[in-house]
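Protein chains in written order, with this note's numbering: chain A, 1 to 343; chain B, 1001 to 1343; chain C, 2001 to 2332; chain D, 3001 to 3514. Worksheet for the structure shown next.
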Amino acid sequence: MSPPSRNGATADSRSAFHWLKLVFVRLGVLPFLLIVALVTFTLASDNFLTVSNLTNVVRQSVYLMIVALGQMLALLTGGFDLSVGTIVAITSVVGAMAMAAAATAMPDTVWLAIALGCLAGVLAGTSVGLLNGIGVSVFGVSPFIMTLGISSVGFGAGLYITGGVPVYGMPIEFGDIFGFGTLFGIPVPIYFAVGLVVLVYLLVNGTRLGRYFYAVGGNVKAARLSGINTRLTLFVTYVLCAFLAAVSGMLLTARLDTGEANVGASLPLESIAACVIAGVSLRGGVGRVENVVLGALFIVLVQNGMNLARIGSYLQMVVLGGLLILAVIADQIRLRYIAAMND
Amino acid sequence: MSPPSRNGATADSRSAFHWLKLVFVRLGVLPFLLIVALVTFTLASDNFLTVSNLTNVVRQSVYLMIVALGQMLALLTGGFDLSVGTIVAITSVVGAMAMAAAATAMPDTVWLAIALGCLAGVLAGTSVGLLNGIGVSVFGVSPFIMTLGISSVGFGAGLYITGGVPVYGMPIEFGDIFGFGTLFGIPVPIYFAVGLVVLVYLLVNGTRLGRYFYAVGGNVKAARLSGINTRLTLFVTYVLCAFLAAVSGMLLTARLDTGEANVGASLPLESIAACVIAGVSLRGGVGRVENVVLGALFIVLVQNGMNLARIGSYLQMVVLGGLLILAVIADQIRLRYIAAMND
Amino acid sequence: AWYPYEVESWNPPFDMASPREKLSYVPLEKASKPWEICVSFPHMKDAYWLAVDYGVAEEAKDLGVKMQLVEAGGYTELEKQISQIEDCVAAGANAVIIGAISFDGLNNLVHEVRSKDIPVIDVINGMSSPELSAKSLVSFGEMGAKTGEFLAKMHPAGSDPVKVGWFPGPAGAGWVEAGNTGFLEAVKGSAVEVVETKYGDTGKEAQSALIEDTLGAYPDLDYIAGTAVTAEAAIPILRSRGLTDQIKVLSYYYTPGVDQGIRRGQILAAPTDSPVIQGRIAVDQAVRILEGQDFAKHVGPALFVVSQDNIADFDPGSTLAPDGFSPVFRVE
Amino acid sequence: MNSDDKGRGASGSESATLLSVRGLTKRYPNALALADVDFDLRAGEVHVLFGENGAGKSTLISILAGANHPTAGEILFRGEHVRLESVHDARRRGISAVFQEFSLVPQMTVAENLFLGAELTRGGFLDKRALRRNAEEIIARLGFPLKPGQTVLHLTRAEQQMVEIAKAFRSNLSVLILDEPTASLTDRETEQLFKLIEQVKADGVGIIYITHRLQEIRRIGDRITVLRDGRYVATKDARTVSEGELVNLMTGRVISEIFPTIRTERGPEVLRIEGLTTARGSPVEASIKVHAGEVVGLAGLIGSGKSEIMRAAFGLETVTAGRITLKGEDVTGLSPRRMMRRGMFYIPPDRRDEGLVMIRSCRENMSLPSLDQPPFSLGRFAINRRGEARRANELAERMNLQPRRIERSVDHFSGGNQQKVLLAKSLTRAVDVYAFDEPTVGVDVATRASIYGFIRDLCEAGAAVVLISSDLPEILHLTHRAYVFYRGRVQAELAGDEITEENLLRHFFEREAA
Ligand SMILES: Nc1ncnc2c1ncn2[C@@H]1O[C@H](COP(=O)(O)OP(=O)(O)OP(=O)(O)O)[C@@H](O)[C@H]1O
Ligand SMILES: Nc1ncnc2c1ncn2[C@@H]1O[C@H](COP(=O)(O)OP(=O)(O)OP(=O)(O)O)[C@@H](O)[C@H]1O
Ligand SMILES: [Mg+2]
Ligand SMILES: [Mg+2]
């Protein structure tokens, strides 16, 4: 790109504009939206720009963020996972039941009970992903339908197990630590989120498998002709996505202190929205982990800000929908800039 | 294909099989599923195979069917419409309010009030489609996000208008005729559905615009280079889809006798499911009206049959999800046969 | 046995403003024949409706009638509820008990069903149709009001003002709007100030986020009042913030979580409308109508507030399904 | 790479058989794509596969590359029976292929594509630096004008073709399969490729080469095997066999003249482009004009802007400066639809990407541009299904579509036949200016003759034809006038006898020489 010229104010402002445009093209619209949101809500509410509230926002966004990471993998390969909500619910129910049972059976070994419960929950959730993976990769069912169908099946099963009643009886330590605990002043769930973000980042950007997600999503046929085991890649995608959703489910269970079959209903669409706002393409092959993290943060931040600014819930729906569309329009414009710059 | 041979039972059964396979390839899995469902439910419940119940099923399926027709158009062009539920709700609310207002203003001209109300409702619903169309065709927003965003905006707006309270005060004739009326023993809504099915069939199969839906969904670039106004085509698609949803919304309002902001939430996914079961491709460019009609019928029929067979609703969720997946797996097999038979 | 149970009866019926009298409700011993009764619920996803399910299923067993339960899957599924009831009737139901999704939206259906001479009983939620055969319900407005009164009594006008965050439930649902109105009416004129009304889905995670954000906006809150889910979600949040002593929690209906919360001293109080009894009475009414017996046209259990003071005497059998009860969709 | 230039040394019968195939059969349920084919490949030879469109060439090589599985027959690799399970499997054995249809991931960069499926890793993680370095090395060795960091999405078809070729050259090669690699390349890149082929040949690599260009066979071929209707016909020595004989073997008949002579009665000017510059920066201030009744050629290297000028005229590019006049009317910036209505038709070079709706039938594809006109239309909005089917059948006949199944979806046809469907689209409506962008990509000799035939017919009927081609002989033999593009500018205008290979080539490179 041309070096910024150095004569006078116009040139200065022009170069500032140019610089902004560059940031826009590199990072997308999200940073701007985040800044606008921060400024707006800071003006609208005194309680918004406080350490405790922002920590709160980050902590609230943990669950969506982890699920969105998994969703991103599915989107990268050109699919969807509409069953993430069900996976969260099943994990929560199974994990809570197992933990409660273990805690009753051996009241002295709380930690073992917690470990067993988490294991059971995550296994149950991940096994839903196993089904998705088999359907998509072996039977070639379109991910939309496969995960939609499985989500209906899983939801029915979850309700069948619990009858819609929350599952109580988990050791109090579980919620106290994994739901509400803090370490060096930072809530424990945030550590999990950071850890998983780093792992997924490394996976996606640093490994062959990560590359294959993009390749399969970009052009399955080409991927296959390049000697990639596309079916295995797809299978792994859905299992990983389910695993992430399951971890999120266990963390949420700790936060809620009960196992619930009724959680997560809005997660599928919300996680897709977080990804798409972050520039992940629904056609597959395009998307970045860092942006997805920002996307999830942004959605939760806006909800929090609107709550603090005392915006009615009807209006909140309107604003959120509008923002979603706006973000995508901006991304469209960005793509045009890119095409114009042509690398 | 090869003429059936004529020696002995094996050949006969083979030719029967061959014939079945041909039917399968031509018509898809739906006719088979419908037959299986009919037989199963007839055995499971005495009340299933009665004229009144089957009429009932057809009438119940009218709303889903009309919405699915619109959804099919969106799918054909390679998009989605996740806002059909909101469109139905907005139509219902606005239509009911307008009709009630008109009926109060001029209590003597009931018909005029009904006509005005319907017009207002359908216009309101269709204008949501206008927004979708503009977003998708002018701004190039992906249909998934555009319609998801609009559905959130619209739902919020609908609730805002009504405050969440149903709208009453429509002339009683409206519900009596368009919701519950019969003509020659057949419920009035069915006539609407049949009319719209015929219209959409003609549109899709007999007109230029119909052909353009397929072309745009199959390959936008090729369509553009063939002199098709692809943007206009996309725009019209979403407007038409919204129009159909709006008509369905008005019919539903007649059935409910109140304007409700709380209807239609499950319609987006259900209508997509109806289409996909019917072999409409989510990648665009493939799908047939007749099958979509069967798809909508099938979904409602199975729900009805399970209700009559007194299957618990948790199990119903499991069965419906499973059937969805099954239908798509079968379609996958069919595609392989087609590739084999080769025209 | 659960009966006799103290209920209120409205006369003339179907008008909540009518004068009411106290009755001791006693159901039939046995039905004369195994009637087929269809029950329709908005959903079966929470403990409240599970309790109603428990009530209708137990009463059907006690009376020796058949029961078939359908559920629409949520408050946005009015069409589905209508279809399900139609299917039920087609399957040969002798009577229909409806927990309605919409106050007005089912009137046509009621008309259709009644025209086939099938009794229709309105349970829990309320419908506006005049053609209903009977009602077994209380007004959710009164549930809200009871909660509000409880608060207002503790903080009458003139005492130190207190701040309440109010979480009535999902926007637009009939019972939510009713509860909201009742609550706000009841606290009017007292020292109770509702500083925030936050609608939201009754999922626990949604309510959790609402509570957290409200705590952010009003660090000096005194009460959290709202749905049972809100109350349950509030407990761990307050505990983790060390606010348990500062902020008290109220629910405006009763669930197992609320029960446990009150017993443990984490929730201050909640009114109960005895949903199990409402379910039982609805079935009894249906059978009485079918058998041409006398029946109370419009009854509902008397509301009372369960608080930490009286919980010891409270029998949850009228309000909650027992532990380990799993939903019953069919009683033969 | 030790390029000890010993020429064609290693070729000849004395060297070992690398790969051989016995009785190979591939049956698609209703089509026999390959029937009992024998074929063998020696180390260090270029073995050309030749045959009509749909003869089974691509099917054969896709089996050899592991992308497809035979119904019957056996494959021997270095004397051993092998089952090639997947592309990956084949590549592990050193069999590498460039397929007719590209296998690139558009969102990835050139470098990433080059190593797709064989990423270099260190300690489990991608070694991005090594990847880029190796990509640069390969590109440099090939001498292609590619940048490793470019996104494939933004490349032209020709550039993509180069990436595709580079991909095949990356690993330990023993068999290299090239399916029409030069179909979109100009002579310069073709030469580059040939040099490379010479190099690997010298290393003892066996090369299977599919082409429809006769001059290439002579240029690099050692042996040539002809297929017809999925059957083996003959194997010949490429240097001695005559063109006539080859064509005869391929089609079973004799084609006297591939290039027809096109008479011209130069009519009025119908298209004039003045000082055209597009947003993309190519072409720059280009001006051309086209008269009725003549064939105008546009030639130039890859990326010279020869396509874009016509794309811009057809409304596919954003024009930033200049004027386009069609039949005296200013049509600058009009959409393709308007341009088509006003009498221009552009046939794109990439049938898969922009040309055809692959999942729809031939009939629908052919009629798509002209549904607003009889015999396709019925009234203002409706379609005349019968008229459509009749016309589509006529066109299939005229284009010699194989098999003649107009209801079959396009993606079930062989590459050349897809091209025929694409060209048939232009015959559905009468227009004044036809622009054909690389119309004969992947088309066999006989069909090419017939395509040239219909270009002649169009021209002689008074239409203006713009022929954009990277295939020099087409420009030489068919055009009455030719423009040579260089870096987006019109470098030269040649007419009549001036259009010679020497003249054209001089202008291709002129600036660089200067
Ligand atoms: N997927 C498929 N299903 C059915 N038939 C097919 C399929 N792919 C190819 N064929 C048929 O197999 C035959 C051989 O096709 P192939 O692609 O090998 O031809 P080709 O010699 O490469 O032709 P071209 O020069 O046009 O590329 C053709 O008749 C084609 O119609
Ligand atoms: N879709 C595209 N995106 C970005 N740049 C493009 C695109 N298409 C073409 N270009 C660039 O525009 C320039 C001119 O392209 P054009 O297609 O006119 O070249 P050409 O001379 O026809 O070459 P070719 O033989 O490759 O068709 C090239 O430098 C090319 O890189
Ligand atoms: Mg080929
Ligand atoms: Mg070109």
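Where is the CB? At the ideal position from N, CA and C, for every residue including glycine.
Cβ shell of residue i (< 6 Å), same chain only, five flanking positions each side left out
| i | result |
| --- | --- |
| Ala2100 of chain C | Leu2106, Asn2125, Met2127 |
| Ala2248 of chain C | In the sequence on display, residue 2248 of chain C carries Lys and not Ala. So the list reads Tyr2223, Leu2268, once near-sequence residues are dropped. |
| Glu3014 of chain D | Because Glu3014 of chain D carries a pLDDT of 49, less than 50, the predicted location of this residue cannot be relied on, and the following value inherits that uncertainty. Answer for Glu3014 of chain D: no residue qualifies. |
Minimum Cβ-Cβ distance from residue i to chain B less than 8 Å
| i | result |
| --- | --- |
| Arg2263 of chain C | no |
| Gln332 of chain A | yes |
| Leu2137 of chain C | no |
| Arg2330 of chain C | yes |
| Val328 of chain A | yes |
| Glu2079 of chain C | yes |
| Ile145 of chain A | yes |
| Gly3333 of chain D | no |
Buried or exposed (CB count within 10 angstroms, at least 16 for buried), residue i
| i | result |
| --- | --- |
| Thr3500 of chain D | exposed |
| Pro3148 of chain D | buried |
| Val1128 of chain B | buried |
| His3412 of chain D | buried |
Test: residue i CB closer than 8 Å to a CB of chain C
| i | result |
| --- | --- |
| Arg211 of chain A | no |
| Val165 of chain A | yes |
| Gln60 of chain A | yes |
Spatial neighbours of residue i in its chain, beta-carbon cut-off 8 Å, leaving aside the 5 residues before and after
| i | result |
| --- | --- |
| Ala3321 of chain D | Gly3275, Leu3276, Thr3277, Glu3285 |
| Val1220 of chain B | Gly1078, Thr1230 |
Opposing strand residues paired with residue i [DSSP bridges]
| i | result |
| --- | --- |
| Asp3179 of chain D | D:Ile3210 |
| Gln2068 of chain C | C:Cys2038, C:Arg2330 |
| His2298 of chain C | C:Lys2135 |
| Asp3344 of chain D | Residue identity check: residue 3344 of chain D is Met in the sequence provided, not Asp. D:Val3433, per the DSSP bridge assignment. |
| His3291 of chain D | D:Glu3269 |
Same chain, Cβ closer than 7 Å to residue i, five either side skipped, listed in chain order
| i | result |
| --- | --- |
| Pro3369 of chain D | Met3340, Lys3425, Thr3428, Arg3429 |
8 Å Cβ cutoff, residue i in contact with chain A
| i | result |
| --- | --- |
| Leu2184 of chain C | no |
| Pro3106 of chain D | yes |
| Gly1149 of chain B | yes |
| Phe3077 of chain D | no |
| Ala1273 of chain B | yes |
Chain D within 8 Å of residue i, Cβ atoms only
| i | result |
| --- | --- |
| Tyr1214 of chain B | yes |
| Asn1291 of chain B | no |
| Ile299 of chain A | no |
message: Using 8 Å as the cut-off, can you tell me whether the segment 48-68 of chain A makes contact with the segment 234-253 of chain A, which would need three or more C-beta pairs spanning the two stretches below that distance?
response: yes
message: Three or more C-beta pairs under 8 Å: does that hold for the segment 321-333 of chain A against the segment 1134-1152 of chain B?
response: yes
message: So, does the segment 1223-1233 of chain B touch the segment 1115-1132 of chain B, judging by three or more C-beta pairs under 8 Å?
response: no
task: Count the C-beta pairs between the segment 3038-3052 of chain D and the segment 3197-3217 of chain D that are closer than 8 Å, then say yes if the count reaches three, no if not.
output: yes
query: Are the segment 1085-1104 of chain B and the segment 1119-1135 of chain B touching, with three or more C-beta to C-beta distances below 8 Å?
result: yes
query: Using 8 Å as the Cβ pair cut-off and three pairs as the minimum, do the segment 324-331 of chain A and the segment 273-290 of chain A touch?
result: yes
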